[in-house]
Amino acid sequence: MIKSWIPDELAYAGPEHLDAAFVAGFDRKQGRPDPEEDLAVFARRGVGEGATVVELGAGTGQFALAAARRFSRVVAVDVSPAMHDFLAARAAENGLSALECVRAGFLSYEHTGPPADAVYTRHALHQLPDFWKAVALDRVARIVRPGGVLRLRDLIFDFRPDEADAVFGRWLDGAADDPALGYTREDYAEHLRTEYSTFRWLLEPMLDAAGFEIAEADFRESIYGAYTCVRR
Numbered sequence: 003m004i005k006s007w008i009p010d011e012l013a014y015a016g017p018e019h020l021d022a023a024f025v026a027g028f029d030r031k032q033g034r035p036d037p038e039e040d041l042a043v044f045a046r047r048g049v050g051e052g053a054t055v056v057e058l059g060a061g062t063g064q065f066a067l068a069a070a071r072r073f074s075r076v077v078a079v080d081v082s083p084a085m086h087d088f089l090a091a092r093a094a095e096n097g098l099s100a101l102e103c104v105r106a107g108f109l110s111y112e113h114t115g116p117p118a119d120a121v122y123t124r125h126a127l128h129q130l131p132d133f134w135k136a137v138a139l140d141r142v143a144r145i146v147r148p149g150g151v152l153r154l155r156d157l158i159f160d161f162r163p164d165e166a167d168a169v170f171g172r173w174l175d176g177a178a179d180d181p182a183l184g185y186t187r188e189d190y191a192e193h194l195r196t197e198y199s200t201f202r203w204l205l206e207p208m209l210d211a212a213g214f215e216i217a218e219a220d221f222r223e224s225i226y227g228a229y230t231c232v233r234r
């Protein structure tokens with residue numbers, strides 16, 4: 003049962019993620035990121051074919067659909083009804099019996115069965131303010147077995163606060179012109195105004211406090227971070 007003090011994650015998700023028309027064009031706007039790099043990380047860390055993998059913030063299933071062809075159980079979790087329904091339909095169309103679709107969020111997903119061997123999340127944790135990020139990461143640690151792997155990708159800021167103008171200026175200058183084909187300057191600006199991306203030096207202590215050891219951390223443009231973490 004959800005406690006009265008736990009926020010409704012739908013309120014943080016952003017209205018576009020609840021819109022079936024937006025969801026239908028989401029892959030094109032995202033650029034269809036290739037999941038192979040992240041799957042290779044799991045392979046290097048010993049996550050084998052018999053593994054249980056949970057994805058939090060699964061969206062339209064770019065990762066989950068590929069993972070379900072490799073692992074014995076993949077649980078794709080998303081708080082958006084539109085995302086959930088879209089991915090469930092794709093899983094059925096592809097006959098992926100290993101893929102389970104669950105409508106929930108970081109703060110409400112209740113894992114069943116043996117602990118997960120790995121958890122994956124991409125560009126979803128930033129929808130929560132920092133206090134709730136820490137709570138979410140603690141909940142993730144309770145999902146995954148000791149020695150299991152967390153692969154976290156997100157918009158995470160690897161710079162000093164006084165560098166924000168310069169870093170964001172470069173980021174906005176590289177935005178797409180067509181909103182159907184990528185994220186525009188206004189999309190990026192809206193993210194900065196209304197979502198909760200945080201600094202690297204705030205996120206990493208949260209990971210440690212939750213019980214994760216950071217094994218790898220890679221950054222692109224001081225904005226896009228990719229972490230591989232091992233549960234202690």
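When we follow the numbering used here, the leftmost residue of the sequence shown carries the number 3, and every step to the right adds one.
Yeah, the Cβ is synthetic: ideal placement off N, Cα and C, and Gly gets one too.
How is the beta strand (DSSP E) around residue i delimited, first residue to last?
{"i": "T196", "result": "Element bounds for T196: not the beta strand (DSSP E) but the alpha helix (DSSP H), 187-196."}
{"i": "V137", "result": "Looking at the DSSP string, V137 is not in any beta strand (DSSP E); the run it does join, the alpha helix (DSSP H), is 132-145."}
{"i": "E102", "result": "101-105"}
{"i": "E57", "result": "54-58"}
{"i": "Y122", "result": "118-124"}
Looking only at C-alpha atoms, which of the options sits nearest to residue i?
{"i": "V77", "options": "A45, R47, P116, A42", "result": "P116"}
{"i": "E197", "options": "V169, R233, D156, G184", "result": "D156"}
{"i": "L109", "options": "H86, H125, D140", "result": "D140"}
{"i": "T62", "options": "L194, V232, E206, R34", "result": "R34"}
{"i": "R105", "options": "F161, A60, V146, A166", "result": "A60"}
{"i": "E11", "options": "G171, W173, Y111, D164", "result": "Y111"}
{"i": "P181", "options": "Q32, L154, G16, P9", "result": "Q32"}
{"i": "A26", "options": "A45, R92, A15, G50", "result": "R92"}
{"i": "E223", "options": "F170, S99, E215, A100", "result": "F170"}
{"i": "A241", "options": "P131, A66, V137", "result": "Only positions 3 to 234 of the chain appear in this structure, which leaves residue 241 out of reach."}
{"i": "E2", "options": "T200, A70, R172", "result": "Because the chain in this structure spans residues 3 to 234, residue 2 falls outside the shown range and cannot be described."}
{"i": "L1", "options": "P17, E102, V151, A168", "result": "Outside the shown range of the chain, which is 3 to 234, sits residue 1, and nothing can be said about it."}
{"i": "R46", "options": "E218, R162, Y226", "result": "E218"}
{"i": "G50", "options": "A118, P17, E95", "result": "A118"}
{"i": "G215", "options": "G149, T200, R172, D36", "result": "The question names Gly, but residue 215 is Glu in the sequence shown. Here the closest residue by C-alpha is G149."}
{"i": "Q129", "options": "F221, T200, I8", "result": "T200"}
Which residues bound the alpha helix (DSSP H) around residue i?
{"i": "K5", "result": "Here K5 belongs to no alpha helix (DSSP H), and DSSP marks it neither H nor E."}
{"i": "D29", "result": "28-32"}
{"i": "Y14", "result": "12-15"}
{"i": "L41", "result": "38-46"}
If residue i and residue j are in contact, beta carbons under 8 Å, what's the gap, nearest whole angstrom?
{"i": "V43", "j": "T230", "result": "6 Å"}
{"i": "A143", "j": "R202", "result": "With 8 Å as the limit, A143 and R202 do not qualify as a contact, their Cβ atoms being about 19 Å apart."}
{"i": "L154", "j": "L127", "result": "7 Å"}
{"i": "G227", "j": "D160", "result": "7 Å"}
{"i": "H113", "j": "I158", "result": "25 Å between Cβ atoms; not a contact."}
With 8 Å set as the bound, which would you pick, yes or no: does the beta-carbon of residue i sit closer than that to a beta-carbon of chain D?
{"i": "W134", "result": "Reference to chain D is not applicable here, since this structure consists of a single protein chain."}
Curious, which full-length beta strand (DSSP E) runs of at least 3 residues does the stretch 153-225 contain? List check, beta strand (DSSP E) in window: 214-222.
Count Cβ pairs between the stretch 206-216 and the stretch 187-194 that sit closer than 8 Å; are there 3 or more? no
Beta strand (DSSP E) segments (min. 3 residues) lying fully within the stretch 56-99: 75-80
Segment contact, 8 Å Cβ cut-off, at least three pairs: the stretch 170-189 with the stretch 60-80: Result no; under three Cβ-Cβ pairs closer than 8 Å.
Taking contact to mean 3 or more Cβ pairs, one atom from each stretch, closer than 8 Å, check whether the stretch 119-134 and the stretch 52-60 are in contact. yes
Quick check: the stretch 82-97 against the stretch 17-29, are there 3 or more CB pairs under 8 Å? yes
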